[in-house]
Amino acid sequence: MSPRVLPNLQAVLAQPTPARSSHGRRIPYVDLPAQYADEREAIHRLVEEVFLSGEFVGGACTDAFEAKIAEAVGVRYAVALSSGTDALILALQALDIGPGDEVICPPNSFIATAGAVVAVGARPVFADVGFDQNIDPAAVEAAISTRTRALLAVHLTGRVADMDAIGRIARRHGLAVVEDAAQAMGARFADRSAGALGTIGCFSAHPVKNLNAAGDAGFITTDDRRLAERVARLRRNGLVDRDTSLEWGRVARMDNLQAAILLMRLERLPEIVAKRRANAQRYRALIDPALAFNAPCRPQEYNCFHTYVVQLANRDRLRARLAERGIGTAVHYPIPIHLQPAARGLGYGAGAFPMAERQARSILSLPVHQYLSPLALLAVAETVNEEVLALQGEAD
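Just so we're aligned: the sequence shown equals residues 0 to 395 in numbering that gives the first Met the number 0.
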């Protein structure tokens, strides 16, 4: 081990033990070590198989993953990519969106949603969200201009946006619909899955997602053969064979090892989503909605619960107290995109999108992962109720 690495390792080992929850164990927001322990033998076998095959970029695992993911989502085509961000960028590029064009998107997503629009030279135009944190169709309609080329709907937290209304708006104005389904693998509305509700769906398989790789990965889904073929070409520098490039592209391929891991985990996805949904139902039964409110699902909505979000007035203070008691949480996301330093040139200011800004101050994501034990979930719920009541008492 080099001298430069050793001090860093020693610093990590010297850190104090994390706080413990009231039932004696730390409750992490996500538990990737538990997933690895559960899958250790399968992962080791897959690593060996990929190394022995000699196929590291493209190959049988990637081809099989694309076929299986298309089947799972219910579309004709899927293209495996290196990240959810690349999925968004290449989807927009394949739709010929570029300088002078506008794409309407919500301001409360991960920065990559709008960043992908900027990356292709277009301008993100924001539309406020509803109480469910998804883009408001009425706000979308109001934001359309003569330069609008696409609507970019985000299925935030694992719940599907109002795609019926968004689809009607898109058809009326002749616009493409791009689904940012980074948080929505396994979600659906009625009998149709996220990623099959627009022109093209864009997914992330980041390690914290419901369907997760051992690193960055992503993919697109579509019924449009031309779009699928173009994304597949763009992910390998525009090449149609080893030596002939039809257009400028980039390197955005999924590694074969990631495809192998995702293939294995895809088989377990229904079980994973079912467990997360069951955990969410228990939270709804245990957490007093007058203290910390979770927006109810619409009829026919099948939420995959990438996150379980509550909204409350004292979010930051509650989060600090939960951390003191060993309970991990997250905020998705504390700074709306239009208020990010990177977005200053877009011309938006505070107050432009009241609902998104209010939610950014009040939302809190609780642990909902498939390795959360019933006892741990009960501890989280009881602690939330207890601490919110205490905070309210202190404010009186």
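Ideal placement from N, C-alpha and C gives every residue a C-beta, glycine not left out. As the structure is a prediction and not an experimental result, all values here were calculated from the model.
Beta-ladder partner(s) of residue i, from DSSP
{"i": "Arg235", "result": "Val250"}
{"i": "Cys201", "result": "Asp179 and Ile219"}
{"i": "Pro32", "result": "Paired residues: none, contrary to the question."}
{"i": "Gln369", "result": "None, per the DSSP bridge assignment."}
{"i": "Ala121", "result": "The partner list for Ala121 (beta bridge, DSSP) is empty, contrary to what the question assumes."}
{"i": "Thr147", "result": "Glu101"}
{"i": "Phe130", "result": "The partner list for Phe130 (beta bridge, DSSP) is empty, contrary to what the question assumes."}
{"i": "Leu363", "result": "Val309"}
{"i": "Arg187", "result": "Ser192 and Tyr301"}
{"i": "Ala329", "result": "Ser364"}
{"i": "Ile26", "result": "Ile326"}
{"i": "Leu174", "result": "Answer by DSSP bridge pairing: none, since Leu174 is not bridged."}
{"i": "Ser244", "result": "Leu238"}
{"i": "Phe292", "result": "Gln310"}
{"i": "Leu80", "result": "Gly217 and Arg252"}
{"i": "Val56", "result": "Asp254"}
{"i": "Val153", "result": "Asp179"}
Distance between beta carbons of residue j and residue i, contact taken as under 8 Å
{"i": "Phe188", "j": "Val159", "result": "4 Å"}
{"i": "Leu226", "j": "Arg232", "result": "With 8 Å as the limit, Leu226 and Arg232 do not qualify as a contact, their Cβ atoms being about 11 Å apart."}
{"i": "Gln414", "j": "Tyr307", "result": "Outside the displayed span of the chain (0 to 395) sits residue 414, for which this structure offers no information."}
{"i": "Val383", "j": "Ala291", "result": "6 Å"}
{"i": "Ile272", "j": "Asn209", "result": "Residue 272 is actually Val in this sequence, not Ile. Indeed, because the Cβ distance is near 6 Å, the residues count as touching under 8 Å."}
{"i": "Gln358", "j": "Gln92", "result": "With a Cβ gap of about 31 Å, Gln358 and Gln92 do not count as contacting."}
{"i": "Tyr76", "j": "Arg224", "result": "6 Å"}
Nearest residue (CA-CA) to residue i, options the options
{"i": "Ala141", "options": "Asn133, His331 and Ala126", "result": "Ala126"}
{"i": "Glu47", "options": "Val272, Glu393, Leu256 and Glu300", "result": "Leu256"}
{"i": "Ala213", "options": "Glu38, Val128 and Ile96", "result": "Glu38"}
{"i": "Gly166", "options": "Pro136, Leu91, Leu265 and Ala186", "result": "Pro136"}
{"i": "Met253", "options": "Val72, Ala118 and Ser82", "result": "Ser82"}
{"i": "Ile68", "options": "Ala259, Glu356, Pro295 and Ala355", "result": "Ala259"}
{"i": "His205", "options": "Glu356, Asp315, Phe218 and Thr198", "result": "Phe218"}
{"i": "Ala183", "options": "Pro295, Gly327, Arg320 and Phe304", "result": "Phe304"}
{"i": "Leu345", "options": "Ile326, Ala36 and Val117", "result": "Val117"}
{"i": "Ala149", "options": "Glu40, Gly173 and Arg314", "result": "Gly173"}
{"i": "Leu388", "options": "Glu300, Ala312 and Gly73", "result": "Ala312"}
{"i": "Leu80", "options": "Ala90, Val74 and Gly73", "result": "Ala90"}
{"i": "Val72", "options": "Gly197, Gln92, Ala164 and Arg357", "result": "Gly197"}
{"i": "Arg264", "options": "Cys60, Asp242, Val119 and Ala193", "result": "Cys60"}
{"i": "Ser372", "options": "Pro353, Leu321, Ala277 and Leu151", "result": "Ala277"}
{"i": "Asp85", "options": "Arg171, Asp242 and Asn236", "result": "Asn236"}
{"i": "Gly248", "options": "Gly348, Glu228 and Arg320", "result": "Glu228"}
{"i": "Val78", "options": "Ile199, Ile42 and Cys296", "result": "Ile199"}
{"i": "Pro366", "options": "Arg241, Gly327, Pro353 and Tyr347", "result": "Gly327"}
{"i": "Leu151", "options": "Arg343, Arg44 and Glu101", "result": "Glu101"}
{"i": "Gln299", "options": "Arg191, Glu70 and Arg24", "result": "Arg191"}
{"i": "Asp417", "options": "Ile42, Gly392 and Val177", "result": "With the chain covering 0 to 395 only, the question about residue 417 has no answer from this structure."}
{"i": "Ala113", "options": "Ala394, Glu393, Arg343 and Leu45", "result": "Arg343"}
{"i": "Arg24", "options": "Asp240, Leu374, Arg267 and Glu246", "result": "Leu374"}
Contact under 8 Å by Cβ, residue i with residue j
{"i": "Leu317", "j": "Leu376", "result": "no"}
{"i": "Thr156", "j": "Ala195", "result": "no"}
{"i": "Asp30", "j": "His368", "result": "yes"}
{"i": "Ala115", "j": "Ile88", "result": "yes"}
{"i": "Val128", "j": "Ala355", "result": "yes"}
{"i": "Gln310", "j": "Ser361", "result": "yes"}
{"i": "Gly350", "j": "Ile26", "result": "no"}
{"i": "Phe457", "j": "Ala294", "result": "Outside the displayed span of the chain (0 to 395) sits residue 457, for which this structure offers no information."}
{"i": "Asp315", "j": "Val74", "result": "no"}
{"i": "Tyr301", "j": "Ala186", "result": "yes"}
{"i": "Ala193", "j": "Ala180", "result": "yes"}
{"i": "Gly99", "j": "Val119", "result": "no"}
{"i": "Phe64", "j": "Leu261", "result": "yes"}
{"i": "Thr147", "j": "Ile103", "result": "yes"}
{"i": "Arg234", "j": "Ala216", "result": "no"}
{"i": "Pro409", "j": "Ile134", "result": "Beyond the ends of the chain as shown, which are 0 and 395, falls residue 409; an answer cannot be given."}
{"i": "Leu321", "j": "Glu386", "result": "yes"}
Heavy atom of the ligand ATP within 7 Å of residue i beta-carbon
{"i": "Arg297", "result": "Here there are no bound small molecules, and the ligand ATP is not part of this structure."}
Chain B within 8 Å of residue i, Cβ atoms only
{"i": "Val49", "result": "In the structure shown, chain B cannot be found, because there is only a single protein chain."}
- Is the segment 362 to 381 close to the segment 281 to 293, with three or more CB pairs under 8 Å? yes
- Item | At least three beta-carbon pairs within less than 8 Å, the segment 331 to 338 to the segment 93 to 112 | yes
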